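Single-structure report; data block below.
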Amino acid sequence: MTLDIQSVRSQFPGLKDGFIFGDNAGGSQVVEDVIARISDYLSTSNVQLGAQYTVSKLSTARVDLGATYTAALVNASPTEIIFGPSSTALVISISRAIDKDILDGEEIIITGEHESNVGPWKKLVAARKNIEMKIWPHTPISDSSSNPYAVALQIDALLPLITSKTRLIAFPAASNLLGADGHVKEVIAKAREVAKERGARKLEFIVDCVAYTPHRLINVKDWDVDYAFFSYYKLYGPHVATMYVRQAALQGSLSSLAHHFLPVAGKAYMLQPGGPGYESVYAITGVLPYLLSLSDSKPSIAFDEATATITNTSEITSALVEAYQKIAKHETEVLVTPLIKYLRSKYEQGVRIVGDDAFPVNPGRFPTISFVVVGTKEPAGDKIVKYLDATEKIGIRNGHMYAYTLVESLKPAIDLDDGVVRVSFIHYNTAEEVEIFIEELDRAIDGAVS
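If you number the sequence shown the way full-length UniProt numbering does, the last residue is 450 and the count never jumps.
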């Protein structure tokens with residue numbers, strides 16, 4: 001069960017010049033079929049939706065297909081899928097729509113992770129003043145005592161925060177800075193159990209899957225999650241975001257944000273105060289076929305136009321499971337293992353991995369790897385990134401990655417402007433690229449500490 005890496009790379013026009021993209025957690029390259037669909041939509045169906053003439057019917061059907069394909073990807077119903085310009089915008093919409101269903105005295109638990117699933121809840125609590133916010137803290141990983149930056153969100157730090165007043169828990173399926181699997185199913189199951197024991201009125205979960213979806217398969221039904229979102233521009237698509245909203249939440253937790261005269265109560269569209277970018281929503285229908293092409297079976301999508309449904313969902317799900325197993329194997333063996341091994345070898349020069357630094361690497365370790373260099377006269381992050389950029393063949397970044405509260409909480413404290421150095425690979429990165437990257441990174445680190 002191995003990826004055909006040359007076949008993979010041939011489907012991404014942006015990879016053809018040999019540049020090593022190491023900032024994929026900030027945005028991936030785009031599949032060729034996605035680009036073609038944007039052009040096709042704008043060339044042949046760029047009209048307003050919902051009219052009775054032929055081209056408008058085509059446009060409407062194409063945009064509806066975006067929800068259908070996304071639902072097949074995450075194991076949901078198309079009626080539970082919404083779109084927006086960004087993940088942050090979608091969470092802001094949910095924070096507005098849920099406001100009336102959070103009672104005075106109730107609590108929201110957040111983390112210090114990516115601000116898209118943090119900032120909107122901070123603002124809601126600040127506006128309400130009569131609801132409480134708690135922070136699920138990052139805590140040291142027990143087997144990494146020599147590295148104070150080896151931290152993670154661990155469930156033992158969450159459960160004591162849950163009380164009879166806990167209403168919402170917002171956390172990530174994966175960290176965009178630590179590269180850690182959030183163990184969503186386990187967290188939700190245990191938190192629901194504790195909340196029930198403590199008499200919580202209603203507990204819902206909103207999960208940030210932006211840094212998860214490129215590496216592992218979402219299954220919202222298996223997770224028992226209420227809201228889950230990700231950005232397609234980090235999953236080989238255009239700059240558009242999507243969110244799963246459980247049907248029960250649509251009918252019982254949320255108020256409409258749409259125009260007052262629209263009959264959308266209890267429907268996903270009530271969370272879209274305006275139409276998303278239609279060409280982008282249609283273009284994302286190129287992502288699911290690409291993922292299916294990574295499986296051995298490579299099934300076509302059987303779509304019944306009369307009912308507007310996919311009729312071979314079981315076959316598609318099986319192929320997606322296989323595709324993501326191949327992705328995980330490639331990432332662990334080819335991308336994560338050599339890079340973690342190298343960074344650990346630089347311990348004496350002050351390199352500290354931020355997050356899980358275990359070796360052999362854990363299976364939940366994604367190829368989003370951050371580090372700092374301690375003991376230097378000046379912060380090393382900018383120097384390292386600029387050195388690599390000067391090679392004209394490698395791009396990574398440094399900073400807080402919008403996980404500002406997490407970086408701020410690290411001890412010993414680091415320079416917040418310089419932040420951490422992050423390399424984020426993805427399944428289209430190769431063993432050869434990792435080898436070249438490590439060679440150049442070694443020179444960059446040597447220069448930063450000299």
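For each residue, glycine too, the CB sits at the ideal point set by N, CA and C.
Remember, predicted model here, so these are calculated numbers, not experimental data.
The C-alpha of L73 is placed about 12 angstroms away from the C-alpha of I301. Approximately 6 angstroms separates the beta-carbon atoms of F171 and W136; this is inside 8 angstroms, confirming the contact. Following the DSSP letters along the chain, one finds H239 in no beta strand (DSSP E), marked with neither H nor E. Residue pairing from DSSP places T368 in a beta bridge opposite S424. In this structure the stretch 211–226 does not touch the stretch 144–160; the number of beta carbon pairs closer than 8 angstroms is below three. Contact between P214 and S280 is ruled out by a C-beta separation of about 18 angstroms, above the 8 angstroms threshold. The shortest C-alpha to C-alpha distance from N75 to any of T313, P360, V184 and V351 is the one to T313. Distance between M243 and I141, taken at the CA atoms: about 31 angstroms.
In the DSSP assignment, the residues bridged to V351 are V373. Closest option to A328, judged by alpha-carbon separation, among T309, V361, D304 and E315: V361. Residue environment: K165 is assigned as buried (16 or more neighbouring CB atoms within 10 Å of its CB, all protein chains considered). Spanning the alpha carbons of V351 and R344 requires a straight line of approximately 7 angstroms.
Per DSSP, H259 lies in no beta strand (DSSP E) and is assigned neither H nor E.
Counting other Cβ atoms within 10 Å of its Cβ, F261 stays below 16 and is therefore classed as exposed.
Residue environment for R201: exposed (fewer than 16 other C-beta atoms within 10 angstroms of its C-beta).
Two segments are said to touch when three or more pairs of C-beta atoms, one from each, lie closer than 8 angstroms; by this definition the stretch 429–440 does not touch the stretch 374–385. When Cβ pairs closer than 8 angstroms are counted between the two stretches, the stretch 113–131 is seen to touch the stretch 85–96, the count reaching three or more.
Straight-line measurement puts the Cα of Q52 at about 43 angstroms from the Cα of H427.
Looking at the DSSP output, F303 shares a beta bridge with I310. Below 8 angstroms, enough C-beta pairs join the stretch 288–299 and the stretch 319–326 to call them touching: three or more.
Between the C-alpha atoms of A189 and D226 there is a straight-line separation of about 12 angstroms.
Rounded to the nearest whole angstrom, the CA to CA distance from F205 to A61 is 31 angstroms. Secondary structure note for A228: its beta strand (DSSP E) is the uninterrupted segment Y227 to S231. Counting C-beta atoms within 10 angstroms of its own C-beta, M401 has 16 or more neighbours from the protein chains shown and is therefore classed as buried. Burial state of H259 is exposed, judged by a 10 Å Cβ sphere holding fewer than 16 other Cβ atoms. DSSP, read as helix, strand or coil, puts D33 in helix. Taking C-beta atoms under 8 angstroms as the contact rule, A173 and V207 qualify, at a distance of about 5 angstroms. Per DSSP, reduced to three states, the secondary structure at K134 is strand. CA-to-CA, the gap between V421 and A444 works out to about 12 angstroms.
Rounded to the nearest angstrom, the gap between the Cα atoms of T285 and P78 is 13 angstroms.
In the three-state DSSP reduction, N398 falls in the strand class (E or B).
Residue pairing by DSSP puts Y244 in a beta bridge opposite I81 and A228.
The Cβ atoms of L42 and H330 lie no closer than 8 angstroms to each other. Annotated as proximal: L254 and I98, with beta-carbon spacing under 8 angstroms.
Rounded to the nearest whole angstrom, the CA to CA distance from G14 to E392 is 15 angstroms. Rounded to the nearest whole angstrom, the C-alpha separation of G364 and V245 is 26 angstroms.
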